[in-house]
Structure formats: structure tokens, C-alpha cells
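Each remark here refers to the structure printed beneath this line.
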Amino acid sequence: MSEPINLSRRGLIRGLGTGAALAAAPAWARGANLSEQATGLIRAGFDEVRGPVIDLSVGAGMRMVQGRRGRGVAVNGSVPGPLVRLREGQNIRLNVTNHLDEDTSIHWHGLLLPFQFDGVPGVSFPGIKPHQTFTYEFPVRQSGTYWYHSHSGLQEQSGHYGPLIIDPVAGEPVRTDRDYILLLSEFTPLHPKFIMQRLRTGEHYFNRQLPSWTDKYPMIGEERRMWAQMRMSPTDIADVSAPTYTYLANGRGPKEGMEYLFTPGEKVRLRLINGGAMTYFNVRIPGLAMTVIAADGQNVRPVEVDELQIAVGETYDVVVEPRGEEAYAIVCESMDRSGMALAMLASRPGARAPVPALREPPLLTMADMGMNHGPSDGCQAGTDHGGMDHGGMDHSAMGHAGMDHGAGKAGTGDGGQAAPKGASGHSMKGMPMRDISLLPPDVAIGPGLDMVSMAPVDKLGDPGLGLRDVKHRVLNYRMLSALEPNADTREPSRLLEIHLTGNMERYMWSFDGRMFDAVSDVPIRFAWKERVRVKLVNNTMMAHPIHLHGMFFELVNGQPPAHQPRKNIVTVQPGASATFDLTANEPGDWAFHCHLLYHMHGGMMQIVTVMGPGDKP
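With the sequence shown counted from 1, adding 870 to any position gets you the numbering used here.
Written out as C-alpha cells, the structure is:
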């Protein structure tokens, strides 16, 4: 096992890992360039590795997807990297060797482990230097569907990710005949640094769906004026999309024949993983219902749907029962409907089902700026605080001391916050896009904040952009209920409100108006086993998948506290809010960030520090 690591973040940033050491690599992985393999290209798809000791090797090479060639970063010579298959209760040792000419890392997304092995350079360890090996070692304390990926630079965009499955000791609660992984991602021939540069210098550079003023979009003149005032477009749904991206299923493009075999009448488990850098996917199987049985690796009470939206970083396990048809198409549209990843459920090799055309692109509306909170979003207003008794909560701790977090009042849309005058009406004339009077005093006001949501409400009942008015059943967070009762159902002792802020034109993203700085930032501190309610308020026009490392939280989604679903990622819809309860029982420094890769690198990240037993806050 590696030696203990300096627990000072500044020390981690400056130092070299004491657990890193030179090590021999298997023959196929030696050298920095995996393109020297016999094929000359990084392989699409993945093998499986298991056992008490697993060796992983990170290298660079060239990829080819549907005739487009680009640089890639591979684990064990493939994209995605190999399936790491573990068993609940085992002790695992993972030796990761870096054959790149730059630092790398692996973060074990969703796993409960000592923070020194969480794999975030500058936060929990120094990273893995070129041509060195780092050993991750920890007990496996859970089961379910997870994944792993780089947390170094923009390597994740280039292919540095893979699936991770942990089999339960007691067996699966739902019996299935087949068990498949569908890992969704993107490929681009462009270098990720070029993409980041273009996003910072031209916010519409990758938007191929920009409207003209002659387009017949259902907007009144006042709305068009406001979009122009914000220097945005109602089609600003994804920062990067097709044709820049080709969307992938297990590393294969939609024309490259990804298939899963079945025998009619069998129950088939699909483990859906969104390993993309920037893409929300809307997943459906025309002609087949999907029964959701797990979210972010945690079992939920089965719920049947026809479509679901999966955020970047999320996982869902679904069960399907194909019967009458030879084949079924698994259609994974990007949220902006610029393209799709595709796979087939096939009763025999080569069987194919018709592939539906892409649906019409959705549009943002003034409701996505927190200006209109009618029932069309499918959520229940006023449930943000879940009927909780706020009398015992400390609202002065950790900022926002002057805010009224009392129970919802009649005529308000969100936990007692009255809507601004005129916000609920149809006229938007004179309404400012950056009314800082609506913000708490500890949100930093500067160039990184160019919009303030007028009256953000809880939208955990929102199925996602483009899915609000479809005729079939679509999953939303309110439909999720934990299968096993939660261990901690105490009332939270305080409320922490965090604002998601940004400036799209300058491509600056932040929490509470402050972009992340690993050296100077003061972390968000939680006492040992403290029970906290966290409310995320989105002051931007984009959905953000917010991820907490090292712990699960329970979504305040209207379910009884004992069955609030446990997750490690939650999407906060544009101009809206989302709330979760957290028991801070994993000591150490943990990353907390938007899982849109370029948003995280644009500054939307912070550190959560959980004090150990006996530590003083």
C-alpha cells in the first residue's frame, strides 16, 4: 500500500506523490504512444479486469471513428478503458502507470474510499507523473454501477474513462438473464484545448443551430429583444455538439454497429453510464418500456418509463423485456438533438431495427431564466424544503445569514421567497437580467456573473429540456425512491445555499460568483457527521450536473426522508433550484463541481472539507 500522503492541499499541489514509483509495464503498453500496437489505432470497446490486484496503463495514440481521425488517451489500449469488475467487501489494489508525457490521474466516480485515493490532483493527491505508477488501495464498501475517469486537464474528453461494476455480496435484488453496459460519450478530432480556447473567445462557435431573425420561432418581439440583450440564443442548449462531436456507444459511432443480443422473453439489464464531457443524452427504446432499478449505483424502487434524460456523470440501471421484434433501436439523442449515439438490441447477430429521425431541436424560454413558474415544467412548487421544521436550523452558518429560509408562504414560488414584481406576468419589459438585489450578500458580484434568476423554484419534477411535452412517460427525479431505507434521517441542523453563476460570453463559471483557485480558495467546511441541507440555485441559462465526490446525498424530492433517493450528481435546471440532504461522514477534502468538463475548467468547482472525529471546525 502507498505511504500516507501529506494532507495539506498546498503540499499536494507543490509536491510529488510519495506513492508514485517507477514500474514495469506490460509489453503492449510500453512507451508513450499506443499507436505502435499492431492495428496502429486505439481500439474501440473494452475488456474486463478483476481480482485483488489490477494493473491499468494510461497512454496516448490515434483514434478513428466513422472515418474521422483524432488524438486519444486510452486505458489499457482501448476507449473506453477496461471494465473494472469488483466485489463488495473485497480489498482492491489498483496500480495505475502513466505512459503519457504529462501528468494523469484516475478518479473512481461514486466510490466510497479514503480521500487520499479519490484521484483529484491538487485536492486529494498530487497526480501521477509521467512514467510513474501510483497505487490506489481501499476496501470496497458498496455495490452498483459506477465508472472511472481522469481528473487531469481535459484528458476525459480524449477517451480517458471506463466502466466500473461492483457485484453485491447478497446478490442483485432484481433477477435478469443478461447484463450489459452502455457507456455513452463523444469523439472529436479537435484537441480539447482548442475547444476550450474557442469557447472562451466565441461563445457560439460550436452552435450550428443559431436562429436568424426571420426564423419562425414562437417568440414575441420583447423576447427577441431580451435574448439580444443577454447576447444569447434560445438554441444555446449545448456548448459543444454535433458535428463537432460524434456520439458514441461503448466507443463506437452510430454507424459502427454496436449490438446486444437477446432471446425473446428474457429480462435484459442495461447499465447506462454517461461518460461524456459535455452531453446530456435522452435515452429511449421505441417499442420497449424501461424499468429503472438503480440511479448512481444505488437501488431504487422500480419505476417504468419510456424515456429518460441522463446527465453527464450519472448512471442508471434499467431492465427491458424484448419480445416480438427481431431488433430494437436504443436511441440516445443529445439534448439539443444535433445527433445521437446508437445501439441495437438484436435477437440474432446483424438484426437491425428502424432508427427514428432526430426530433426537432428544443428551445430555451423565459421560464429557463426563472421568470415563469407555471405547471408546465412538471414540478411541484413550494416543496424545496420538504415540510421540514426550520426552527432548529442555523441559517447564519456559512453565509447567507440575512436570508429568510422559513417555510413556504402563501403566494410564493420557492420556500418563502416572493417572486419579483412582474415575474409571474407575461410582460418582461424593463426586467433586468442581473438584478443583484435578489442575491444574498456573500455572492461575489463581478464580470463572472451576468444573470440572476428572478424567482428560482425547485424543478426536480422537470424531465429535462425537450421532454416536457412529450406524450409518453419520462423519468424525473421525483419518481425516484430509495429501495433500502436511508441510514440517517435526522433533521438537518442548518441550510447552506450555493449559487451557480456564470458569464456565457466570457465563458466564466463559478459557485457564488467565485471561480475556483486550488491554492487560495477557502473550502466549504462540514463538521464530522453533521447533517446539512444544501440548496443549489442556478443563476444561468444552462442545466448543470453538480457532483460531490466521496459521499452520497439524498435528494429532497417529496419522498419520505427514509426513502429520498441517494445520489452523487443532481441536475439543476436553468433558472431553478435543487435541494439535497447530506450527512458529512467521510473525512477529508473532496471535489465539488459541475460535471460539464469545460464548465469545471471554466471555474465551477470548489472543495468540500469534512472534519474528522475530534477535529474543531
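Glycine is no exception: its CB is placed at the ideal position from the N, C-alpha and C atoms.
Distance CB(residue i)-CB(residue j) smaller than 8 Å
i	j	result
residue 980	residue 1427	no
residue 997	residue 974	yes
residue 1454	residue 1398	yes
residue 1373	residue 1317	yes
residue 1407	residue 1369	yes
residue 1119	residue 1197	no
residue 1202	residue 1216	no
residue 1234	residue 1320	no
residue 1123	residue 1116	yes
residue 1401	residue 1362	yes
residue 1179	residue 1337	yes
residue 1474	residue 1381	yes
residue 1493	residue 943	It is not possible to answer for residue 1493, since the shown part of the chain is limited to 871 through 1487.
residue 993	residue 1485	no
residue 1033	residue 916	yes
residue 1232	residue 1335	yes
residue 1383	residue 1313	yes
residue 1015	residue 914	no
Buried or exposed (CB count within 10 angstroms, at least 16 for buried), residue i
i	result
residue 1243	Unreliable placement is indicated for residue 1243, whose pLDDT of 45 sits below 50; no coordinate value is reported for it.
residue 952	buried
residue 1056	buried
residue 1329	buried
residue 1478	buried
residue 1063	exposed
residue 1027	buried
residue 1255	Low per-residue confidence applies at residue 1255: pLDDT is 39, beneath 50, and the placement is therefore not dependable enough to give any value.
residue 1315	exposed
residue 1392	exposed
residue 1492	In the structure as shown, the chain starts at 871 and stops at 1487, and residue 1492 therefore has no counterpart that could be examined.
residue 1183	buried
residue 1174	exposed
residue 1346	buried
residue 1357	exposed
residue 1360	exposed
residue 1193	exposed
residue 1326	buried
residue 1482	exposed
residue 1409	buried
residue 1332	buried
residue 1456	buried
Cα-Cα separation, residue i to residue j
i	j	result
residue 1218	residue 1138	15 Å
residue 1222	residue 918	27 Å
residue 901	residue 1045	For residue 901, the predicted structure reports a pLDDT of 29, less than 50, and the residue's modelled location is therefore unreliable. The matter cannot be settled from this model.
residue 933	residue 945	13 Å
residue 1108	residue 1340	20 Å
residue 937	residue 1142	26 Å
residue 1082	residue 1228	Confidence in residue 1082 is poor, its pLDDT being 49 and thus under 50, which makes the residue's placement too unreliable to answer from.
residue 1364	residue 1177	36 Å
residue 1004	residue 1012	23 Å
residue 1065	residue 977	23 Å
residue 1039	residue 1009	14 Å
residue 1405	residue 1424	12 Å
residue 1191	residue 1158	7 Å
residue 1072	residue 1204	22 Å
residue 1434	residue 1311	31 Å
residue 1162	residue 1185	11 Å
residue 920	residue 969	22 Å
residue 1035	residue 956	6 Å
residue 1538	residue 1146	Not covered by the structure: residue 1538. The range shown for the chain is 871 to 1487.
residue 1060	residue 1135	44 Å
residue 1480	residue 985	10 Å
residue 948	residue 1052	15 Å
residue 1156	residue 1195	11 Å
residue 1371	residue 1467	16 Å
residue 1463	residue 1002	28 Å
residue 1131	residue 1411	41 Å
residue 1300	residue 1149	The pLDDT assigned to residue 1300 is 44, lower than 50, so where the model puts this residue is not dependable, and the model offers no usable value.
Identity of the residues DSSP links to residue i by a beta bridge
i	result
residue 928	945, 968
residue 1462	1418, 1476
residue 1144	1054
residue 918	953
residue 978	1018
residue 1130	1215
Exercise. Hey, which unbroken runs of the beta strand (DSSP E) at 3 residues or more fall wholly within the stretch 986 to 1050?
Worked result: 1003 to 1009, 1014 to 1019, 1031 to 1037
Problem set entry | Length at least 3, wholly inside the stretch 1160 to 1234: the beta strand (DSSP E) runs in chain order | 1160 to 1165, 1168 to 1175, 1177 to 1180, 1185 to 1190, 1197 to 1204, 1210 to 1216
For this session: For the stretch 1306 to 1362, list the alpha helix (DSSP H) runs that are entirely contained and at least 4 residues long, ordered along the chain.
Result: none
Exercise. Going along the chain, which unbroken runs of the beta strand (DSSP E) with 3 or more residues stay wholly within the stretch 1365 to 1396?
Worked result: 1378 to 1381, 1394 to 1396
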